[in-house]
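**Q**
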Amino acid sequence: MKEEQTDSRPVPEKTKSRWRTARYFVVPLLLLFSLLGGLIAGYVIVGKQGLSGVFEWKTWQHVIDLIFAP
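Shown next, in the form of structure tokens:
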């Protein structure tokens with residue numbers, strides 16, 4: 176059997192740099208959207224509350240007080 180040769184040309188540095196830069200912006204954005212989606216799903220769907228309550232500081236201060244209450 177003959178071994179097939181693969182084209183192993185090096186990837187230009189400019190392409191590598193663009194992907195690295197894109198990762199630094201895309202990954203945090205995906206994490207932020209995941210966090211917001213989880214907050215909304217948990218508060219609105221599971222908790223059966225209004226959407227506007229998700230973005231109020233008073234709501235999350237109450238949750239923090241419940242978690243860290245003595």
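Here our numbering runs 175 ahead of the position in the sequence shown, where the first position is 1. C-beta atoms are modelled at their ideal positions from N, C-alpha and C, and glycine is treated no differently.
#1: For the putative contact between Val229 and Leu214, defined by C-beta atoms under 8 Å, what is the C-beta separation to the nearest angstrom?
#2: So what's Gly217 in DSSP terms, helix, strand or just coil?
#3: To the nearest angstrom, how far is the alpha carbon of Gln236 from that of Leu207?
#4: Rounded to the nearest angstrom, what separates Asp240 and Lys191 at their Cα positions?
#5: May I have the straight-line CA-CA distance separating Phe200 from Leu210, to the nearest angstrom?
**A** Put simply:
#1: 6 Å
#2: helix
#3: 20 Å
#4: 46 Å
#5: 16 Å
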